[in-house]
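Visitor: Have a look at this one.
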């Protein structure tokens, strides 16, 4: 499956006020990072959730054909099987009354891995994401771990599920600078080692410059620009991209 392409065409998401995401096409290739950028409210996160049919109540996915290497798919065939999701607020992704071990064992059980083999795989995946205090982490509940540790645990669960694609919705926005750097280092390491295809939803152009191969720019629910990272930074074509880059440059001057 190395080099495989996961694609959605014509994604449309509707709310009470009308279309919130309008005719969006996205393509993820294994071993590459596609950054989906735009200002708040541009439709980035909705597109990410819509791809997996995980929209909040009151919103409806009107259209959006998924495919893997050109073969049509239903969202149920993608969610948890081909693609895993990392959320902006990782605490919301975990059941607060279950420890990390139970989350991991449940994920492995769905793949038919139980008993001693499951425990061994748990340890391997926690080691892979840098959670060295395995016993403490596995016995902990979400409220007992930091945001950075929970983000790493979410990636560990994705490794347990062995999904070839990863959707990361603003994964660094709630992390301090050190935790953010560690998370991005880990993400890039796993892209290289496991040929993950990543959709990275962000408004942080520093993250884009560091991690992405390609950039898709959204504005008011529509895609307004597609570029390589170098092309976007050298010659942004849309006003949204120029605004994001200007903000990035201003913040860079304030925090040398």
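Numbering (the working numbering), first residue to last: 287 to 542.
Using N, Cα and C, we set each Cβ at its ideal position, and we do this for glycine too.
This one's a predicted model, so the numbers in the text were calculated from it and none came from an experiment.
1) Report yes if the CB atom of residue 361 is closer than 7 Å to the CB atom of residue 339, and no otherwise.
2) Ignoring anything shorter than 4 residues, give me the alpha helix (DSSP H) runs that lie fully in the segment 449 to 524, in order along the chain.
3) Taking only the alpha-carbon atoms, compute the straight-line gap between residue 307 and residue 298 and give it to the nearest angstrom.
4) Please identify the residue among 420, 332, 536, 352 whose C-alpha is closest to the C-alpha of residue 343.
5) Report all residues from its chain with a CB closer than 7 Å to the CB of residue 459; omit the five preceding and five following residues, and keep chain order.
6) Would you tell me roughly how many angstroms separate the C-alpha atoms of residue 382 and residue 426, rounded to the nearest one?
7) What did DSSP end up calling residue 396 once you bin it into helix, strand or coil?
8) Determine, using beta-carbon pairs with one atom in the segment 313 to 324 and one in the segment 460 to 468, whether at least three such pairs fall under 8 Å.
9) For the alpha helix (DSSP H) containing residue 428, name the first residue and the last one.
10) Quick check: the segment 402 to 416 against the segment 351 to 360, are at least 3 beta-carbon pairs closer than 8 Å?
11) On the criterion of 16 or more Cβ atoms from any shown chain inside 10 Å, does residue 402 qualify as buried, or is it exposed?
Guide: Quick look at the numbers:
1) yes
2) 463 to 480, 491 to 497, 515 to 520
3) 5 Å
4) 332
5) 374
6) 10 Å
7) helix
8) no
9) It is not in any alpha helix (DSSP H) - residue 428 carries neither H nor E in the DSSP assignment.
10) no
11) exposed
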